[in-house]
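Everything below concerns the one structure shown next.
Residue numbers (my numbering): 2 to 674.
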C-alpha cells in the first residue's frame with residue numbers, strides 16, 4: 002500500500018486542480034522529467050539546486066551548461082523553485098527573482114585556480130578542472146508563492162510569503178518557460194477589461210544566447226486604474242508619456258460600450274491633443290475623434306477645439322499671479338512700478354464676501370483697482386456678471402470704492418479743479434475715479450485727507466502699487482497687459498460646466514496647455530481639479546455615482562504637488578485620501594519621486610518606473626513602496642526608452658516590461674479572459 006499512496010495523492014491533487022492555471026506547472030515538470038530521462042540537457046529548463054533558503058531570500062547553485070541552455074540568467078529574471086517530490090503535493094511553486102552572483106563554499110579555491118591558470122597561460126583546461134570551474138551560485142529574493150486557491154480550486158492565488166521552509170536540498174530550481182511566464186505576469190490579473198501594454202523584458206541587453214528572447218505579452222486590467230492613483234517616474238524622453246497614452250487609450254476602449262469613465266487630460270506639451278511625428282502622427286484625440294473634446298488656449302490648425310479662456314475679472318487672486326508670471330517671462334518688469342504690480346497679492350472674491358462689513362471695504366477697493374487696470378488695458382467685461390458676483394455689498398454692486406467725502410472733494414478739486422461727480426456706477430467711471438486718486442496721492446502725499454479718522458493711511462502699499470500701475474507718472478501703464486487679452490474672455494467659466502457634463506457622458510477631455518506658462522497651467526489644474534472633486538462629492542452625497550468614474554492625468558506633477566506640503570486639505574491631497582470614495586482616479590507623471598508629496602506617494606497603488614539617475618531618488622521610491630527594494634541598480638542602469646518596471650493593484654511584485662509604442666487598435670481590450 003505504501004508504494005501506491007503517492008500515486009493516489011497525485012491523482013487527487015490532479016483532479017482537484019483540473020482547469021486551474023497552475024496545471025501548467027504539472028505539465029512543465031513532467032516535460033522536464035522526460036527531457037532529463039532522455040538526457041536532452043539542451044532542452045531542459047533546469048537551473049540548479051538550493052544552497053541556502055530563508056523566508057525572504059535564497060541562494061542557488063548552478064552551472065554554466067544549464068545557464069546557457071535557458072539562454073542566460075540575467076539579474077532581475079524570474080526563477081521558480083519546486084519541491085523535489087512535487088507530485089506528492091498540490092501543485093505550487095515559489096517565485097524567485099535573481100539579485101546577483103554569490104560566492105560558493107569553494108570560491109577561494111576557484112579563484113586560486115584561475116590565478117594559476119592565467120599565470121601559466123594555459124591554452125585549454127582539462128575536463129576535470131573545467132567541470133569544477135563552471136559551477137557558481139546566485140542570490141535571489143523570495144517573492145512569494147503561486148498555488149490553487151483553497152476557496153476556489155479553479156482559480157490561481159498568490160501569497161507574498163511562503164507557507165514553509167524545509168531543508169534546502171529538497172528543492173530544485175527552474176527557469177520558467179513561456180507558459181509559466183505568462184501565468185507569472187498575468188496569472189493574478191483581474192479578468193475584466195484587459196489591455197495589452199507590452200512584453201516581458203527582464204534585461205536591457207537584447208543579445209540572447211540560444212536564440213531570440215521569448216515573447217511574453219504583459220497586460221493590465223483597466224479595473225486597476227478606475228478610481229486609483231498611478232505614478233509615472235523616469236527621466237525625460239524615456240517613455241512616460243507613451244505609457245500614459247496607452248493607459249488613456251485602454252480606458253477609452255474599456256468604457257466604449259457603457260461610457261462609464263470620463264477622462265480629463267492636462268496636456269502641458271500638446272502631445273495628446275495634436276498629431277505629431279513621435280506618435281506615428283496620431284494623437285489620442287485624432288485616434289478617438291468621437292470620444293474626445295479638446296479645449297485650447299490657442300487654436301491649432303488641424304485640431305478642432307473649443308476656446309479655453311480665463312475670466313481675469315472674476316478670479317483676481319489667481320489671475321493677477323498669472324499676469325505677473327507673463328510679465329516676468331516676457332522681461333517686461335524693468336520699470337519699478339511694473340515690478341511693484343507683480344508683487345501685489347489680491348484676495349479672492351469669495352474671501353472678500355466672507356469678511357465682516359467693517360473689513361470688507363478696503364479689500365473691495367483692491368479688487369476694484371485691479372478691475373480698473375484690466376478695463377484700461379482693454380480686457381472686455383460683463384458688468385452685469387460682476388454686479389451679481391459674491392461681492393454682495395452695495396459698494397461693489399455700484400462700482401463705488403466708497404471713499405469719504407473729504408478725500409473725494411480734495412482729490413477732484415486738486416486734479417480736476419471741479420467738484421466730485423456722483424459715485425461710480427460702472428467700470429469706466431471707476432477708472433476715472435481711481436485715476437484721480439492715483440494722481441492726488443502722488444502729487445499731494447502729505448494731504449490730511451489721505452489719512453483715515455483712526456490715523457491709518459487710506460492706501461496701503463498694495464493699494465499704492467495698483468494705483469501707480471493704473472496711472473503711472475511715466476510709462477505705458479496698463480497697456481503693457483494688452484498682449485495677454487487673448488487669454489481672457491468675459492464669459493469664461495461656463496466651460497467648467499461643459500467639461501463636467503462631458504466627463505459625466507464618458508468623454509475624454511484634453512486641455513491643450515502647450516503654449517501656457519506654468520502659472521496658467523497651475524491655475525487651470527487647480528480650478529478644474531477642485532471643480533471635479535466638488536462635482537463627484539455632490540454625486541456621492543446624492544447617491545448618484547453608480548459605476549461612473551473620472552480619471553485625471555497630470556504631466557509634470559512636481560509643478561502641482563508641493564513635496565513638503567503638510568496641509569492635507571488641498572485638492573491633490575484630498576484626491577489621495579478620498580479620491581477612491583468619490584470614484585476619482587489620477588495618473589501623474591514626473592521625473593523624480595522625491596518631488597512628490599510623501600502622503601500622495603504612500604496612497605498610490607500603481608507604479609511605472611523608467612530610468613532614474615539618482616540613488617537618492619531610487620531610495621525615495623523603495624521607502625514608500627517596498628516592492629521596488631532589491632531592483633534599485635536595474636532602475637539606475639537601464640536607459641532604454643519604454644523599458645519600465647510596473648507594479649499594479651493586480652501585480653503583487655514588480656514586472657519589468659518593454660511598453661509597446663502607442664498606436665491605435667480596436668481590439669486591445671477584452672471584456673473578460
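We put the beta carbon where it would ideally sit given N, CA and C, even for glycine. Being a predicted model, the structure only gives us computed values, none of them experimental.
Next on the checklist: If distances are taken between C-alpha atoms only, which option among 23, 322, 448 comes closest to residue 182?
Outcome noted: The residue among 23, 322, 448 with its C-alpha nearest the C-alpha of residue 182 is 23.
Checklist entry - Exposed or buried, what is residue 206 when buried is set at 16 or more other beta-carbons lying within 10 Å of its beta-carbon? => result The residue in question, residue 206, is exposed, as its Cβ has fewer than 16 Cβ neighbours within 10 Å.
Checklist entry - Would you report the Cα separation of residue 116 and residue 652, rounded to the nearest angstrom? => result With a pLDDT of 48 at residue 116, under the threshold of 50, the modelled position of that residue is not reliable, and the figure given next carries that caveat. Taking the straight line from one Cα to the other gives about 46 Å.
Item to check | Beta-carbon gap between residue 590 and residue 241 smaller than 9 Å | outcome: For residue 590 and residue 241, yes; Cβs fall inside 9 Å.
Checklist entry - Closest by CA to residue 228, which one among 444, 639, 552, 543? => result Comparing alpha carbon positions, the residue from 444, 639, 552, 543 closest to residue 228 is 552.
Checklist entry - Using the C-alpha atoms, what's the distance from residue 266 back to residue 447? => result If you take the alpha carbons of residue 447 and residue 266, they lie about 55 Å apart.
Checklist entry - Under the DSSP definition of a beta bridge, which residues are partnered with residue 60? => result Beta-bridge analysis with DSSP links residue 60 to 53, 140.
Checklist entry - For residue 4, which of helix, strand or coil comes out of DSSP? => result Residue placement at residue 4 cannot be trusted, given a pLDDT of 43 that sits under 50; the coordinates are not used to answer.
Item to check | Inside the stretch 517-552 only - alpha helix (DSSP H) runs reaching at least 4 residues | outcome: The alpha helix (DSSP H) runs of length 4 or more contained entirely in the stretch 517-552 are, from start to end of the chain, 519-542.
Checklist entry - In chain order, which continuous runs of the alpha helix (DSSP H) of length 4 or greater are located wholly inside the stretch 171-242? => result The stretch 171-242 contains these whole alpha helix (DSSP H) runs: 179-187.
Checklist entry - Expressed to the nearest angstrom, what Euclidean distance is found between the alpha-carbon atoms of residue 691 and residue 529? => result The requested residue 691 does not occur in the structure, where the chain is confined to residues 2 to 674.
Checklist entry - Less than 9 Å separating the beta-carbons of residue 412 and residue 481? => result No, the pair does not count as a contact, with Cβ atoms beyond the cut-off.
Item to check | Nearest-angstrom Cβ-Cβ length linking residue 77 and residue 98, presumed shorter than 8 Å | outcome: The pair is a contact, with the Cβ atoms about 6 Å apart (cut-off 8 Å).
Next on the checklist: Looking only at its chain, what residues have a beta carbon closer than 7 Å to the beta carbon of residue 220, apart from the 5 residues adjacent to it on each side?
Outcome noted: Counting only Cβ-Cβ distances below 7 Å, and skipping sequence neighbours, we find 187, 190, 195, 196, 197, 198.
Item to check | Beta-ladder partner(s) of residue 585, from DSSP | outcome: DSSP, once it has assigned bridges, lists 551 as partnering residue 585.
Checklist entry - Based on the DSSP secondary-structure assignment, which residues constitute the bridge partners of residue 81? => result 96, 175.
Next on the checklist: Given this structure, state the Cα-to-Cα distance separating residue 64 from residue 217, to the nearest angstrom.
Outcome noted: Those two C-alpha atoms are separated by around 26 Å.
Checklist entry - I think residue 180 touches residue 29, with their Cβ atoms under 8 Å apart; what is that distance to the nearest whole Å? => result Between residue 180 and residue 29, the beta carbon gap of about 7 Å places them in contact (Cβ cut-off 8 Å).
Checklist entry - Which same chain residues, not among the five before or five after residue 472, have their C-beta less than 7 Å away from its C-beta? => result These residues qualify, in order along the chain: 436, 439, 440, 478.
Checklist entry - Taking the C-alpha atoms as reference points, what is the distance between residue 503 and residue 485? => result Using only the alpha carbons, I get a separation of about 28 Å.
Next on the checklist: Taking DSSP's pairing of strands, which residues face residue 513 in a bridge?
Outcome noted: Looking at the DSSP output, residue 513 shares a beta bridge with 268, 297.
Item to check | Cβ neighbour criterion (16 or more within 10 Å) applied to residue 506 | outcome: So residue 506 ends up on the exposed side.
Next on the checklist: Buried or exposed for residue 123, going by 16 or more other Cβ atoms inside 10 Å?
Outcome noted: With a pLDDT of 46 at residue 123, under the threshold of 50, the modelled position of that residue is not reliable, and the figure given next carries that caveat. By the neighbour-count criterion, in which 16 or more other beta carbons inside 10 Å mark a residue as buried, residue 123 falls on the exposed side.
Item to check | Identity of the residue in 163, 642, 152, 155 nearest residue 142 by Cα | outcome: Comparing alpha carbon positions, the residue from 163, 642, 152, 155 closest to residue 142 is 163.
Checklist entry - Who are the Cβ neighbours of residue 450 in its own chain at under 7 Å, not counting the five residues just before and after it? => result Once the five neighbours on either side are set aside, the close Cβ partners of residue 450 are 407, 408, 411.
Item to check | C-beta atoms of residue 444 and residue 416 nearer than 9 Å | outcome: The beta carbons of residue 444 and residue 416 sit closer together than 9 Å.
Next on the checklist: Alpha carbons only, please: which of 538, 602, 609 is nearest the one belonging to residue 562?
Outcome noted: Of the candidates 538, 602, 609, the one whose C-alpha sits nearest the C-alpha of residue 562 is 602.
Checklist entry - Which residue from 26, 580, 491, 362 puts its Cα closest to that of residue 540? => result The residue among 26, 580, 491, 362 with its C-alpha nearest the C-alpha of residue 540 is 580.
Item to check | Backbone CA spacing between residue 594 and residue 431 [nearest angstrom] | outcome: Rounded to whole angstroms, residue 594 and residue 431 show a C-alpha spacing of 50 Å.
Item to check | Alpha-carbon spacing of residue 137 relative to residue 48, whole angstroms | outcome: Each residue's Cα considered, the two are about 11 Å apart.
Next on the checklist: Under DSSP, the alpha helix (DSSP H) around residue 438 begins and ends at which residues?
Outcome noted: Per DSSP, residue 438 is one residue of the alpha helix (DSSP H) stretching across 428-444.
Checklist entry - Based on Cα-Cα distance, which residue from 606, 631, 403 lies nearest to residue 424? => result The shortest Cα separation from residue 424 among 606, 631, 403 belongs to 403.
Next on the checklist: I'd like to confirm the pairing. Which residues does DSSP put opposite residue 610 in its beta bridges?
Outcome noted: Answer is 234, 646.
Checklist entry - What residues in its chain sit with their C-beta under 6 Å from that of residue 500, if we drop five residues either side in the sequence? => result Counting only Cβ-Cβ distances below 6 Å, and skipping sequence neighbours, we find 510.
Item to check | Inter-residue spacing [alpha-carbon to alpha-carbon] between residue 464 and residue 400 | outcome: Answer to the nearest angstrom: the Cα atoms are 16 Å apart.
Next on the checklist: Going by C-alpha to C-alpha distance, which of 643, 614, 647, 201 sits closest to residue 605?
Outcome noted: Of all alpha-carbon atoms in 643, 614, 647, 201, the one lying nearest the alpha-carbon of residue 605 is that of 647.
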